[in-house]
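In the numbering used here, the protein residues as written are 1122 to 1220.
Glycine is no exception: its CB is placed at the ideal position from the N, C-alpha and C atoms.
Comments concern the structure below.
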């Protein structure tokens, strides 16, 4: 499976999810990173909402979360990030199509 196909599959999984972590005016701190790590271990794919009163933009927040938690940013649309853990990303990226 190519990287594009892996992204599509993860987006299909994330369609029905609601954002479970919100980043607001307090920004990112250790508690937010720990919560995201915990949720990724439990659910493998999560959504994070970056509120309009946040000092940083969604892409900046996505990069910071990815570095701090070791996660992969699947998509950024508006103020919503879709994140997955590296284990899920690797397994989907290496999956082969059956013909």
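Quick one: what's got a C-beta closer than 8 Å to residue 1201's C-beta in the same chain, skipping five residues either side?
Answer for residue 1201: 1140, 1168, 1169, 1170, 1171 and 1179, listed in chain order.
Determine the burial state of residue 1128: buried for a count of at least 16 other Cβ atoms within 10 Å of its Cβ, exposed for fewer.
Counting Cβ neighbours within 10 Å, residue 1128 comes out buried, since at least 16 surround it.
Residue 1166 and residue 1135: beta carbons closer than 9 Å?
In this structure, residue 1166 lies near residue 1135, with their beta-carbon atoms less than 9 Å apart.
Within a Cβ cutoff of 8 Å, which residues of the same chain sit near residue 1154, ignoring the five residues on either side of it in sequence?
Excluding the 5 residues flanking it on each side, residue 1154 has same chain C-beta neighbours closer than 8 Å at 1186, 1189 and 1190, in chain order.
If we count the other Cβ atoms within 10 Å of its Cβ and call it buried at 16 or more, is residue 1160 buried or exposed?
Buried, by the Cβ-count rule.
DSSP bridge partner residues for residue 1203 (one or two, in chain order):
The partner list for residue 1203 (beta bridge, DSSP) reads 1168 and 1196.
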